[in-house]
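Numbering (our numbering), first residue to last: 104 to 288.
See the structure below:
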């Protein structure tokens, strides 16, 4: 049997201290996309963050994982579960892929692995994703995965000098199971 956390092209793993430089590049890539604009972090700050992540126990059902390319062992992105509410049965997730690794299927495989864990193993009923309306590639990815646009918050975020819409997308566990059946052991 192969690892639950491994797909054809990627594997999900914990964040290691040496991953800090890749996370610095991911932050720069997201800024170039117009998705996030935060003050720059120092290399030492990211080194400290990565060291802390490497030894941190997940906070319940909220965690972040590194996405590693199977063929090269290179860190290509990160995926995580955020704002989980086990009583109501929903969680929010997010994903980022480094610019040079986009459009290679890494994001889709990482999302399916994380969603399979949260739906099948942790028994959540619903997943939510918040996507900037101008990020057409992410919207298309989530539609291919089976997410449904459930709402649009007009002018919800301020990025790159202007207000932008935020698209709320969701998927239910049974919708995921139909589209992404469990693989045989």
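Glycine included, each C-beta is placed from N, C-alpha and C at the ideal position. Here the structure is a predicted model, which is why all the values come from computation and not from measurement.
In the DSSP assignment, residue 220 falls outside any beta strand (DSSP E), carrying neither H nor E. Ranked by Cα distance from residue 256, the first of 173, 249 and 270 is 270. A distance below 8 angstroms separates the beta carbons of residue 248 and residue 211. The beta carbons of residue 180 and residue 199 sit closer together than 8 angstroms.
The Cβ atoms of residue 209 and residue 112 sit closer than 8 angstroms to each other. By the neighbour-count criterion, in which a residue is buried when 16 or more other Cβ atoms sit within 10 angstroms of its Cβ, residue 204 is buried. Here the alpha carbons of residue 109 and residue 242 stand approximately 24 angstroms from one another. Within the same chain, and ignoring the five residues on either side of residue 202 in sequence, the residues whose Cβ sits closer than 6 angstroms to its Cβ are 132.
Beta-carbon to beta-carbon, residue 230 and residue 218 are separated by about 6 angstroms, close enough to satisfy the 8 angstroms threshold. Residue 128 carries a helical assignment under DSSP once its states are collapsed to helix, strand and coil.
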